[in-house]
Amino acid sequence: MQGVGFWLGAWPWRVARCLLVVVFVASGLAKTLDFSGGVAEMQAAGLAPPVLFNVVVAVTLLLGSALILLDRALWLGAGLLAGFLLLSILIVHRFWALPAEQAQLSLYFALEHLSLVGGLLAAAIASQARRAALAVPQRAVL
């Protein structure tokens with residue numbers, strides 16, 4: 037990809053990465069800027085010690101997002117965030133163990149998390165494919 041084609045391809049890729057991490061950046065910043073609120077959230081989820089969990093979660097969310105935004109080791113950032121989402125289903129959104137009224141909302145959160153895991157996986161694959169395409173010299177098309 038060279039010339040105008042490269043720049044046209046670069047902008048959609050940047051926008052896609054920004055949109056993918058909005059929820060993670062917002063949550064990581066909220067846990068950092070409203071630290072006591074983040075600690076309360078960890079306590080409500082039954083995680084102890086809540087201060088340590090709040091720090092680990094905030095760092096995971098912000099570090100994973102930064103790697104995706106910078107497209108540097110994007111696979112690692114996607115893996116961190118996907119792991120966080122899957123663990124949050126198992127620890128917080130345990131719809132299978134909740135009463136019917138609470139189970140439905142937790143099921144929706146779990147399904148949303150699984151959709152995001154799919155998006156993160158797609159981003160990791162797209163990043164590798166894009167790097168491979170940029171590394172291969174393009175032949176002139178007549």
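Mind the numbering: the sequence shown is residues 37 to 178 in this note's numbering, read in order. Each residue gets a CB set at the ideal place from its N, CA and C atoms; glycine is no exception.
For this session: Have a look at LEU99, SER124, LEU143 and flag the residue whose alpha-carbon is nearest the alpha-carbon of LEU112.
Result: On the sequence shown, position 76 is the one that residue 112 refers to. For LEU112, the nearest C-alpha among the options comes from LEU99.
For this session: Identify which residue in LEU65, LEU150, ASP107 has its Cα closest to the Cα of ARG167.
Result: Numbered from 1 along the sequence shown, position 131 holds the residue referred to as residue 167. Nearest C-alpha to ARG167: ASP107.
For this session: Compare the Cα-Cα distances from LEU147 to each of GLN79, ALA171, SER63, ARG130 and report the closest residue.
Result: Locating residue 147 in the sequence shown gives position 111, where the first residue counts as 1. Answer by Cα proximity: ARG130.
For this session: Would you check if the distance between the CB atom of GLY155 and the CB atom of LEU56 is smaller than 7 Å?
Result: Residue mapping note: residue 155 aligns to position 119 of the sequence shown, counting from 1. Residue mapping note: residue 56 aligns to position 20 of the sequence shown, counting from 1. The beta carbons of GLY155 and LEU56 sit closer together than 7 Å.
Exercise. Among the residues of its own chain, which have a CB less than 6 Å from the CB of LEU83, if the five just before and after it don't count?
Worked result: The residue given as residue 83 occupies position 47 in the sequence shown. Taken in chain order, the residues that qualify are PHE89.
Exercise. Do ALA52 and LEU110 have their C-beta atoms closer together than 7 Å?
Worked result: In the sequence shown, the residue the question calls residue 52 occupies position 16. In the sequence shown, the residue the question calls residue 110 occupies position 74. Going by C-beta atoms, ALA52 is not nearer than 7 Å to LEU110.
Exercise. Can you tell me whether DSSP reads HIS149 as helix, strand or coil?
Worked result: Here residue 149 corresponds to residue number 113 of the sequence shown, with the count starting at 1. Under the three-state reduction of DSSP, HIS149 is assigned to helix.
For this session: Determine the DSSP secondary structure at GLY82, reduced to helix, strand or coil.
Result: One-based indexing of the sequence shown puts residue 82 at position 46. In the structure shown, GLY82 falls within a coil segment according to DSSP collapsed to helix, strand and coil.
Problem set entry | Residue of ALA158, GLN79, ILE125, ARG50 minimising C-alpha distance to LEU143 | Within the sequence shown, residue 143 is the residue found at index 107, counting from 1. Among ALA158, GLN79, ILE125, ARG50, the Cα nearest to that of LEU143 is on ILE125.
For this session: Could you spell out where the alpha helix (DSSP H) holding ALA114 opens and where it closes?
Result: The sequence position of residue 114 within the sequence shown is 78, counting from 1. For ALA114, the enclosing alpha helix (DSSP H) begins and ends at 110-127.
Exercise. Cβ atoms of VAL75 and VAL87: under 7 Å apart, would you say?
Worked result: Along the sequence shown, read from residue 1 onward, the residue named residue 87 stands at position 51. Along the sequence shown, read from residue 1 onward, the residue named residue 75 stands at position 39. Result yes, Cβ atoms of VAL87 and VAL75 sit closer than 7 Å.
Exercise. What three-state label does DSSP hand VAL40 in the structure shown?
Worked result: Working through the sequence shown from its first residue, we reach residue 40 at position 4. Bear in mind that the predicted position of VAL40 carries a pLDDT of just 49, short of 50, making it unreliable; the figure below should be weighed with that in mind. It is helical.
Problem set entry | Buried or exposed by the 16-neighbour rule on C-beta atoms within 10 Å, applied to LEU69 | As a working mapping, residue 69 is identified with position 33 in the sequence shown. Answer is exposed; the Cβ neighbour count stays below 16.
Exercise. Roughly how many angstroms lie between the CA atoms of ALA46 and GLY64, to the nearest whole one?
Worked result: As a working note, residue 46 is residue 10 in the sequence shown. As a working note, residue 64 is residue 28 in the sequence shown. Distance between the alpha carbons of ALA46 and GLY64 is about 26 Å.
Exercise. From VAL40 to ALA169, what does the alpha carbon distance come to, in whole angstroms?
Worked result: Taking the sequence shown and counting its residues from 1, one reaches residue 40 at position 4. Taking the sequence shown and counting its residues from 1, one reaches residue 169 at position 133. Unreliable positioning characterises VAL40 in this predicted model, as indicated by a pLDDT of 49, which lies under 50. The coordinate reading is nonetheless provided below. Rounded to the nearest angstrom, the two C-alpha atoms are 15 Å apart.
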